[in-house]
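Please read the structure below before turning to the comments.
There are 2 protein chains.
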Amino acid sequence: MAAAPLRIGIAGLGTVGTSVVRMLADKKSELERQCGRPITTILVSARDRTRDRGIDLSQIQWVDDPVELARSPEIDVFVELIGGDNGPAMASVKAALESGKHVVTANKALLSKHGVELAQIAEENGLLLNYEAAVAGGIPVIKTLREALAGNQVSRVFGILNGTCNYILTRMEAEGMSFQECLADAQRLGYAEADPTFDIEGHDTAHKLSILTSLAFGCQISAQDIYLEGISNITPADIKAAANLGYRIKLLGVAQRTETGIEQRVHPTMVPTSSVIAQVHGVTNAVAIETDMLGELLLSGPGAGGNATASAVIGDLADIAKSRPGFQHGPVFGRPARELAPYQRARMRSHEGGYFIRLTVHDRLGVFASIASRMAENEISLESIVQHGDAAEYKTVIMVTHETTELAVRNAVERITNDGLLADKPQVIRIERAA
Amino acid sequence: MAAAPLRIGIAGLGTVGTSVVRMLADKKSELERQCGRPITTILVSARDRTRDRGIDLSQIQWVDDPVELARSPEIDVFVELIGGDNGPAMASVKAALESGKHVVTANKALLSKHGVELAQIAEENGLLLNYEAAVAGGIPVIKTLREALAGNQVSRVFGILNGTCNYILTRMEAEGMSFQECLADAQRLGYAEADPTFDIEGHDTAHKLSILTSLAFGCQISAQDIYLEGISNITPADIKAAANLGYRIKLLGVAQRTETGIEQRVHPTMVPTSSVIAQVHGVTNAVAIETDMLGELLLSGPGAGGNATASAVIGDLADIAKSRPGFQHGPVFGRPARELAPYQRARMRSHEGGYFIRLTVHDRLGVFASIASRMAENEISLESIVQHGDAAEYKTVIMVTHETTELAVRNAVERITNDGLLADKPQVIRIERAA
């Protein structure tokens, strides 16, 4: 006996939305076999009705207003692919949940800002709010944290969550190019936006990290509490020095449980060249999860792109299609939204770890000794110290510290700067353990 | 309002079973929060009732016969951790499903042999049969293939599925040790069994691969059709030659869709040193999945160990706890068991790929030319050919072929052997593309 189809409405027909419509049509019979009933696109909404998207919309009804679409009694699930942390995306998701529709969204900005509120509405109404596509594209990290790792206590989650940054860093390393050159190339090839700030300054990574943090630690989402540093200051000299020391530079989002709270930070990071995450090149994303029971798990794969993101949306839809009304679902962020603990921020100055410090110094007698004594004053012990540029006016001093604190490093570098020893801005890059 | 607890019975209290009982007790309140109801261990069964396992069994009832336990009306879920592809494991899982219990199992041998039959019983009775722990321990590869990749067409799935083999190969490479030395060390350290045949000859990998193949390609499980080659013939010379050529040797299980059917093969494999999977060291497992929509996804993590495996069992239990009776579940192997296609075997002789061939030859005039002509006769084009051992009685010839067929390589090597050119057994290792 054929079960009733799962009727969906899709708002937003950009790259991902178009791909979802196409894939649902192409995979119709296979999805029906897997889910026990068809998944049928009934309604769509997008800004431009006339644009040719290369998909057949003849059997699908067009609705101009996404909020009206979200409320339509003709659909069971609302798929939000509009984007943006407010406006029509927020209005339509809320309307869908309030009128009894499950929601699937790829919108990290929306969840980062309103996720807990929306989760609460979904849970109160016994609805699913699925968002696999919102973090790391096609990599099933939400399903892993929310379902597979039930009962695990997460100690750290970190990852390469922005393909644009990883593409730029990969090319800088492979070809010795400057950040600006690589960015221009990435823009030309469509891997970076005309205004790249959102990606390269780490905001996109921060949105995604904030969602992972909530899932990992059972706390409310708090993107505004994330320490943020982008990759625009990374130079070929840093990348070369990292390589010589056995490290590779990646923009990581890291969330970590500490004694004083939860650290959330996005910054260029040195990871051991021999680690699995260091081999994640180009636009590929990766997420590592450390837990008490499991140890370390790593997932890597395409973090963006129409089809990869559509794959995650369709996986979310299939989960809904396999379920039936009236059964209780797992909570949206792993724990009931009303029980998510307030986010307790660990102060960045208390962060503990190794540091890479690159200083450009005037070639004067005693510079080296002054630097060493400033480090010692702040109880920073050095794993290595190297000096370059014997014949030059300026010398480069590269230090790698043993485990120390952010505060100690900031103080030491500030003192060295005030001592007038530096001929250029100091460079400080955090080192992250990785298996 | 507190929902009724999910009542479970566990048969088998080895390392994994003990860890499951401990973790369910330790994580009681956290799991209740995540699942909306408690998961409570009601019954256990194991061979030795008197052994001290370091866990509190005082609140849990002991049942001597696992089949009786499986049928008990006091439980909702039967957890099978007995092991073995028949006997009490099969009898109890069948009894559980036939008496309306969901089943969670870590038993790859059982599923490899009877998985489709058991899935059919589960599906006819509207029950869940979950088995995340059966393949790659704590890595959520079953969930990924069964749920996250809904609608994706898989072209290839491959992985490092046996920690013992990967541990041995990792140490052979790192320390230049022989296979026998590493095996002895692994046995001493508890990473290999006293009788290691099952692991090192690839049977364990084959069981796991057969399950992944069914999930990936929607076909019946057919472990007996897997081409099988273990790692006991791998020498330090192979590992060194591989490294010089930019490869690392891993025991892979590979399932791949070809024009003539599905290839399933387990053999030592050369993967590019720069690939992510090449960085998977020691007892860690990894699985790569290639699909039409997603591209390539890689999951790596602990493939064995009490807690990591228990984590997967508990994830499976949590999924059941979050569900409620009366809703339709997704099929056990991704597609309904009755609709799984018969496994259509692609012949190994038709396998296409690159090959590494290492020959030990007598130092006679014309040997090199004879070898080259035998390769040409079989239309094998060479990417590289290197000859070592200038001053020795025997010379080593190392060839890497361009894409060719298994049949061509077998024929060429057979002819070279019959030509009487070889002073030792020829070594042939397949090369696998990996990102």
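Protein chains in written order, with our numbering: chain A, 4 to 438; chain B, 4 to 438. Built from N, CA and C at the ideal position, the CB exists for glycine as well.
For residue 64 of chain A, the pairing in a beta bridge is given by DSSP as A/46. Cβ contact annotation for residue 420 of chain A (same chain, cutoff 6 Å, sequence separation greater than five): none. The Cβ-Cβ distance between residue 9 of chain A and residue 43 of chain A falls below 8 Å. Residue 266 of chain B is bridged by DSSP to B/259.
By the neighbour-count criterion, in which a residue is buried when 16 or more other Cβ atoms sit within 10 angstroms of its Cβ, residue 53 of chain A is exposed.
Looking at the backbone, the Cα of residue 194 of chain B and that of residue 244 of chain B are separated by about 26 Å. Bridge partners of residue 191 of chain B according to DSSP: none are assigned.
Here residue 402 of chain B carries a strand assignment [DSSP, helix/strand/coil]. Straight through space, the alpha carbons of residue 200 of chain B and residue 218 of chain A are spaced by roughly 42 Å. In the DSSP assignment, residue 371 of chain A falls within the unbroken alpha helix (DSSP H) covering 370-380.
Of the candidates B/182, B/160, B/7, B/182 places its Cα closest to the Cα of residue 167 of chain B.
Taking C-beta atoms as the reference points, residue 290 of chain A and residue 139 of chain A count as a pair closer than 8 Å. Contact check for residue 171 of chain A against residue 216 of chain A fails: the beta carbons are separated by 8 Å or more. In summary, residue 62 of chain B is exposed, with fewer than 16 beta-carbon neighbours lying within 10 Å of its beta-carbon over all protein chains present. One thing to note: residue 304 of chain B has its Cβ within 8 Å of the Cβ of residue 300 of chain A.
If you keep only unbroken beta strand (DSSP E) runs of at least 3 residues inside the stretch 260-347 of chain A, you get 264-275, 287-294, 298-305.
Between residue 402 of chain A and chain B, the shortest Cβ-Cβ separation is not below 8 Å.
Around the beta carbon of residue 238 of chain B, fewer than 16 other beta carbons sit within 10 angstroms, so the residue counts as exposed. Close CB contacts of residue 318 of chain A within its chain, under the 8 Å cut and outside five residues either way in sequence, are with 135, 143, 146 (chain order). With a contact defined as Cβ atoms closer than 8 Å, residue 402 of chain B and residue 432 of chain B miss out at about 11 Å. Ranked by how close their Cα comes to the Cα of residue 351 of chain A, the residues A/148, A/267, A/427 have A/267 in first place. Between the alpha carbons of residue 126 of chain B and residue 74 of chain B lies a gap of roughly 18 Å.
Residue burial is scored here from C-beta neighbours: residue 260 of chain B has at least 16 other C-beta atoms within 10 angstroms and is therefore classed as buried.
Interface residue (Cβ-Cβ distance to chain A less than 8 Å): residue 159 of chain B is not classified as such. Burial check for residue 298 of chain A: the Cβ neighbour count within 10 Å reaches 16 or more, so the residue is buried. Within the stretch 283-296 of chain A, the residues whose Cβ lies closer than 9 Å to some Cβ of chain B are 283, 284, 287, 289, 292, 294, 295, 296, listed in chain order.
Cβ contact annotation for residue 159 of chain B (same chain, cutoff 6 Å, sequence separation greater than five): 259, 293, in chain order. Under the DSSP definition of a beta bridge, residue 14 of chain B partners with B/48, B/83.
Chain B has no Cβ within less than 8 Å of the Cβ of residue 108 of chain A. Residue contact check for residue 427 of chain A against chain B: no CB pair falls below 8 Å.
Collapsing the DSSP output to three states places residue 218 of chain B in a helix. Annotation: residue 163 of chain A is outside any alpha helix (DSSP H); the continuous beta strand (DSSP E) that includes it extends over 157-163. When the Cα atoms are used, residue 117 of chain A and residue 65 of chain A turn out to be separated by approximately 27 Å. Residue contact with chain A for residue 116 of chain B: absent (no Cβ-Cβ distance below 8 Å to any residue of chain A). When DSSP reads this structure, residue 390 of chain B sits in a beta bridge with B/400.
Note: residue 356 of chain B is bridge-paired with B/407 in the DSSP secondary-structure output.
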